[in-house]
Every structure is written in structure tokens, then in C-alpha cells.
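Novice: One structure is given below, represented as C-alpha cells, and several questions about it will come after.
Protein chains: 2
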Amino acid sequence: MSENRRTNDPEGVRRRIVAAAYDAFVTQGYLATGMLELRERASVSGGAMAHHFPVKRDLGLAVIRDRVSEAVRQTWIEPFHTGTNAPAAIDSIFESIIGELTQNGRVSGCPLNNMAMEISQHDAEMRGAVSAVFGAWHEALSASFETDVKENRARELNPQSLATLVIASYSGAMAMSKARQDVGPLIDCRVELAALLAAKYR
Amino acid sequence: MSENRRTNDPEGVRRRIVAAAYDAFVTQGYLATGMLELRERASVSGGAMAHHFPVKRDLGLAVIRDRVSEAVRQTWIEPFHTGTNAPAAIDSIFESIIGELTQNGRVSGCPLNNMAMEISQHDAEMRGAVSAVFGAWHEALSASFETDVKENRARELNPQSLATLVIASYSGAMAMSKARQDVGPLIDCRVELAALLAAKYR
DNA sequence: TCCTCAACAGGTCGATCATCCTGTTTTAAG
DNA sequence: CTTAAAACAGGATGATCGACCTGTTGAGGA
């Protein structure tokens with residue numbers, strides 16, 4: 233009956249906060265984003281914020297575990313379950329990411345890498361959460377390489393170290409592209425990785 | 233005659249501030265380091281700090297232009313002027329960095345990459361300074377590759393994109409090593425890059 | 001010697017930060 | 001229906017941030 237009935241939607245409020253925090257952390261950084269700004273972005277009161285995330289650190293952990301890991305999974309793990317071989321999937325991922333960055337005009341960087349660089353020396357638990365996402369990413373890639381070796385699509389190939397190279401070159405290229413605000417480094421790495429993988433897959 | 237005679241050493245004070253800021257920015261990050269903390273680290277008064285660096289941004293620019301660029305030059309550009317070919321120099325650089333990180337026990341990351349990730353979306357001028365260092369780095373590497381091609385030590389090689397791959401994979405591997413606090417990713421990339429370059433240089 | 005300004009000392013300022021507090025409303029168990 | 005706890009509202013709080021202020025001391029040119 234009362235008009236301004238109080239919202240009582242725990243999961244929804246929590247999701248709104250985490251979503252707003254993910255956007256802000258990825259585009260501006262963790263430290264550069266204040267809790268007050270997040271309250272406004274998510275349209276929640278101080279009481280609601282304190283209830284769901286008493287300290288900022290908890291929110292950082294939730295963003296990594298819920299959103300960042302999901303983003304990595306969708307863009308870098310899911311494509312390897314479509315049946316194609318690893319080089320084709322990798323090239324397709326680079327292509328779509330370069331396309332997205334080109335059309336929206338600015339490079340905000342790899343979400344995982346952004347979080348990793350800023351927090352890994354401050355908080356051991358957040359560093360662990362970031363490390364776990366890197367681990368899952370690396371595992372998916374190396375498993376894909378290993379499958380290709382077992383099914384004789386490739387040979388003379390170390391799945392572990394090659395997966396590391398792919399992840400590292402992507403992360404580094406994204407960092408360079410972010411610093412230059414230009415997708416050139418990503419394009420270069422796409423070409424070089426494609427040539428490198430083609431050599432191993434023939 | 234007076235005992236606590238005031239120090240009057242502009243260059244010295246400035247160098248102490250920039251040195252302290254470089255250490256702090258690289259190990260903790262730019263935003264995580266306060267001006268008060270830097271005053272204490274460099275043992276300078278608020279007046280001296282305000283005189284040399286009225287705003288924090290000026291200090292960030294000085295650190296990038298004086299220290300970060302010099303660090304990149306010493307570790308990643310100087311070795312290519314010793315006469316050896318590019319792959320040998322690159323492998324040697326990886327070896328020494330891995331050795332240093334292993335013996336001092338912790339991974340604080342690539343100074344350039346640390347600064348780049350944190351500030352490139354906040355300040356256009358600092359982003360430009362970071363971008364210039366990346367540019368010098370890339371130019372030195374690609375010039376070294378080009379020399380090797382001209383003198384028939386290598387062929388079928390794109391100096392530009394290959395240089396990007398080397399820088400990106402190093403930066404990315406350093407980011408991963410920092411997140412995991414383990415030099416494994418750097419070792420993997422060293423091995424993979426050595427094999428890749430060996431194939432192009434035979 | 002006088003004088004000007006860079007160099008430095010020490011403290012202060014408002015703003016913003018993350019966190020916490022009291023009080024009220026909703027939910028759900030008993 | 002009662003009641004305890006979760007969910008939320010709307011501030012308040014001390015700490016810390018970057019920036020700045022007035023005053024003093026040094027160096028160097030006229």
C-alpha cells in the first residue's frame with residue numbers, strides 16, 4: 233500500500249553491485265574506484281552496500297570470482313569446446329576481440345590482467361583468486377593443444393609452455409594496445425601466433 | 233656554524249624523490265603510494281616536495297621519463313649493442329631476469345608494464361610517456377631483427393610484428409609470474425621464444 | 001653589500017576515502 | 001501471532017589523500 237516500498241531483493245542488489253564494480257574496476261581500476269561511486273552506479277544505499285560487502289576487499293574478490301572468471305571462460309575457454317583445432321579457435325578469438333575494440337574506439341584492457349596487475353602485491357587472497365583464473369585459462373589451452381597432439385593434428389609441441397606463450401602474448405599485447413590506445417600490437421601478435429601455430433600443425 | 237644547517241641541494245633532493253617514487257611505484261603501484269609516504273622515504277619536507285613536484289602527476293611523469301625508460305634501456309636495449317644476434321641477446325635477458333627474480337624471492341613485475349596498466353586510462357600525458365618507452369623498446373628490437381635479416385643470419389621474418397610478439401610475451405609472462413609469484417611463466421616463454429627464433433634463424 | 005629568487009621547512013586545508021552506526025522494514029521460522 | 005534475524009535506509013566518523021600556505025634560509029648576480 234505504501235508507495236515507496238523498500239526494495240527487498242538480496243540477490244538482485246548483490247548482482248547490481250557486483251556488475252557495477254566489474255565495469256568500474258575494469259575501466260578505471262580497483263583503487264581508483266571509490267565505494268561511494270559504486271553506491272551511486274548501482275543505486276544502492278550505504279546500508280545495503282555494507283550489508284552485502286562490509287569491506288571493499290570482499291567486493292574485489294566477488295568481482296574476480298564471479299565476473300572476471302566468467303569473462304575469461306566465455307571468451308577464452310568456451311571457443312575450444314566447439315570442435316575446431318586450437319589454432320583456429322585462437323585466431324578467431326583474436327579476430328573478434330580486435331573487431332570489438334576497433335568499433336568501440338577505445339582499449340580498456342584485459343579484465344583479468346587489469347585486476348592482476350593492481351592487486352596481486354597487496355592482498356594474498358585476491359592474488360590467489362586471480363591466479364586461479366589464470367590457472368583455469370592455462371589448463372583449457374594446454375588441454376586443447378594436448379588433444380590436437382593425441383589426434384595427430386600436431387606434433388613436436390609442448391602443450392604447457394605453448395599455452396603459457398599464447399596467454400602471455402595476448403595479455404602483453406593487450407597491455408601494449410591499452411597503453412598506445414591502438415590495436416596494432418594485438419594485430420601483430422595475432423599474425424605471429426598464427427604463423428607459429430601453423431608451423432607446428434603441419 | 234649552525235648545527236642543523238638546511239640542505240640546499242636541488243639535484244640531490246630531486247633525485248632522492250624520484251628514486252624513492254620509482255621504488256614505491258614499481259613495488260606498490262602509483263595510486264597506492266601517497267605523497268606523505270614518499271616524503272618519508274626520501275626524507276624531504278613538504279615544502280621541498282611541493283617545490284620540486286607540485287602535483288603527483290609531475291612526479292609520475294618524471295619517474296617514467298627518467299627511471300622507467302632508463303630501466304628498459306639498460307635491460308632490453310643495451311644488450312642488443314653487444315654484437316651478438318637478437319635471439320642470443322633475448323635468451324640472455326630472460327636468463328638474467330629469471331635468475332634475479334629467483335634469488336630475491338618475489339616478483340614485483342615489469343616496471344613499464346606496472347605503470348602502464350595503472351595510469352594509461354587516467355592521464356593522457358602519462359600514457360604518452362609510457363607509450364614512448366614502449367616505442368623505443370619496440371624500435372630497438374625490430375632494428376636488431378632487421379640487421380640480422382640484412383646480414384643473412386635470418387630470413388622469412390617480419391621484424392616489426394616479431395618484435396611486438398617478444399615484448400608482449402615478456403610483459404604478459406611477467407604479469408602472470410607476478411600474479412602467481414612464480415617464475416614458471418617466464419621460463420615457459422623463454423623456452424618457446426628460443427625455439428621460435430631458432431627456427432627462423434636457421 | 002644589497003637584493004632577488006630559488007630552495008627548503010613545517011604545518012594546514014578541504015575533499016574524499018573506506019568503514020561503521022542507529023534505526024526501520026521485510027522475511028521466515030516457531 | 002510472536003519474534004529473531006536478514007535486508008535495507010540514511011547518514012556519520014576518523015583517517016588519509018593531494019595540494020597549498022606562510023615563513024625562513026641559502027646562493028648568485030648587480
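Chains as they are written, first to last, in the working numbering: chain B, 233 to 434; chain A, 233 to 434. Ideal placement from N, C-alpha and C gives every residue a C-beta, glycine not left out.
1) Verify the CB distance criterion: does A/V295 have a CB-CB separation below 9 Å to chain B?
2) Closest Cβ-Cβ distance between A/A318 and chain B: below 9 Å?
3) What are the boundary residues of the alpha helix (DSSP H) that includes B/L270?
4) Counting only C-beta atoms, is A/Y402 closer than 9 Å to chain B at any point?
5) For A/L263, which three-state DSSP category applies?
6) When the Cα atoms are used, what is the spatial distance from B/G416 to B/E424?
7) Measure the Cβ-Cβ separation of A/G292 and A/F257 and say whether it is below 9 Å.
8) Here's the rule: buried if 16 or more other CB atoms are within 10 angstroms of the residue's CB, otherwise exposed. What is A/T396?
9) Can you list the residues of chain A that B/G341 reaches, using a CB-CB cut of under 9 Å?
10) Against chain B, does A/I325 count as a neighbour if the rule is that its beta carbon must be under 9 Å from one of theirs?
11) Output needed for A/R385: all residues of its chain with C-beta closer than 8 Å, excluding positions within five of it in sequence on either side, in chain order.
12) Using beta-carbon positions only, say whether A/Y254 and A/R299 come within less than 9 Å of one another.
13) Closest to A/Q413 by C-alpha separation, out of A/I330, A/M347 and A/A348, would be which residue?
14) Is any beta-carbon of chain B found at less than 9 Å from that of A/E424?
15) Measuring only the C-alpha atoms, how far is B/S234 from B/L268?
16) Taking only beta-carbon positions, decide if A/K410 is within less than 9 Å of chain B.
17) Note the first and the last residue of the continuous alpha helix (DSSP H) segment covering B/Y402.
18) Kindly give me the distance between the Cβ atoms of B/F312 and B/S376, rounded to whole angstroms, as I take these residues to be in contact under 8 Å.
19) Give me the Cα-Cα distance between B/V276 and B/A264, rounded to the nearest whole angstrom.
20) State the CB to CB distance for the pair A/A361 and A/I296, rounded to an integer number of angstroms; the pair is presumed to be in contact (CB under 8 Å).
21) Give the residues from the segment 360–371 of chain B that approach chain A closer than 7 Å (Cβ to any Cβ), ordered along the chain.
22) Compile a chain-ordered list of the residues in the segment 246–266 of chain B whose CB is closer than 8 Å to at least one CB of chain A.
23) Using only the alpha-carbon positions, how far apart do A/L344 and A/F366 sit?
24) Can you look up A/I351 in the DSSP assignment and give me helix, strand or coil?
25) In terms of residues, what are the limits of the alpha helix (DSSP H) holding B/A372?
26) Alpha carbon to alpha carbon, what distance is there between B/N346 and A/P286?
27) Please go through the same chain and pick out, in chain order, the residues whose beta-carbon is closer than 6 Å to the beta-carbon of B/R387, but skip the five residues on each side of it.
28) The alpha helix (DSSP H) with B/Q306 in it runs from where to where?
29) Look at the alpha carbon of A/I351 and the alpha carbon of B/T379, and state the distance between them as a whole number of angstroms.
30) So, A/E357 versus A/R305, is the Cβ gap smaller than 9 Å?
31) In three-state terms, what does DSSP make of B/S340?
32) So B/R450 is in the alpha helix (DSSP H); what residue range does that whole segment cover?
33) Alpha carbon to alpha carbon, how far is B/D323 from A/M281?
34) Determine, using beta carbons only, whether B/A282 comes closer than 9 Å to chain A.
35) Find out if the Cβ-Cβ distance for the pair A/G404, B/S403 is shorter than 9 Å.
36) Looking only at its chain, what residues have a beta carbon closer than 7 Å to the beta carbon of A/I419, apart from the 5 residues adjacent to it on each side?
Specialist: According to the structure shown:
1) No, because no Cβ of chain B sits closer than 9 Å to the Cβ of A/V295.
2) Taking Cβ atoms only, chain B never reaches closer than 9 Å to A/A318, which makes this a no.
3) The continuous alpha helix (DSSP H) containing B/L270 extends over residues M267 to A274.
4) It does; some Cβ of chain B falls within 9 Å.
5) If DSSP states are grouped into helix, strand and coil, A/L263 belongs with coil.
6) Cα to Cα, the separation comes out at about 12 Å.
7) Going by beta carbons, A/G292 and A/F257 fall inside the 9 Å limit.
8) Classification of A/T396: buried, given that the 10 Å Cβ count is 16 or more.
9) Result: M349, S352 and Q353.
10) No - not a single Cβ of chain B is within 9 Å of the one on A/I325.
11) Result list for A/R385: N317 and Y433, in chain order.
12) A/Y254 is a Cβ neighbour of A/R299, given a cutoff of 9 Å.
13) Considering only alpha carbons, the answer is A/I330.
14) Taking 9 Å as the CB threshold, A/E424 lines the interface with chain B.
15) Bear in mind that a pLDDT of 34 at B/S234, under 50, signals an unreliable position, so the model cannot answer this.
16) It does: the Cβ of A/K410 has a partner Cβ on chain B nearer than 9 Å.
17) Here the alpha helix (DSSP H) through B/Y402 covers P391 to R412.
18) B/F312 to B/S376, Cβ: 4 Å. Contact.
19) So the alpha carbons of these two residues sit roughly 19 Å apart.
20) Yes, A/A361 and A/I296 are in contact; Cβ-Cβ is about 4 Å, under 8 Å.
21) Per Cβ criterion, the list reads V362, S363 and F366.
22) Only T259, Q260, G261, L263 and A264 from the segment 246–266 of chain B bring a Cβ to less than 8 Å from some Cβ of chain A.
23) Rounded to whole angstroms, A/L344 to A/F366 spans 8 Å at the Cα level.
24) Three-state DSSP puts A/I351 in a helix.
25) Here the alpha helix (DSSP H) through B/A372 covers A356 to K382.
26) Using only the alpha carbons, I get a separation of about 29 Å.
27) No residues qualify anywhere along the chain.
28) Run containing B/Q306: none; DSSP gives neither H nor E here.
29) Across the structure, A/I351 and B/T379 are spaced so that their CA atoms are roughly 40 Å apart.
30) Against a cut-off of 9 Å, the Cβ pair of A/R305 and A/E357 comes out as no contact.
31) Annotated three-state conformation of B/S340 is coil, per DSSP.
32) What the structure shows of chain B is the stretch from 233 to 434, and residue 450 of chain B is not part of that stretch, so it cannot be assessed.
33) Going from the Cα of B/D323 to the Cα of A/M281 covers about 50 Å.
34) No, no contact with chain A.
35) Yes, these two residues count as a Cβ contact at 9 Å.
36) Excluding sequence neighbours, A/I419 sits near I330.
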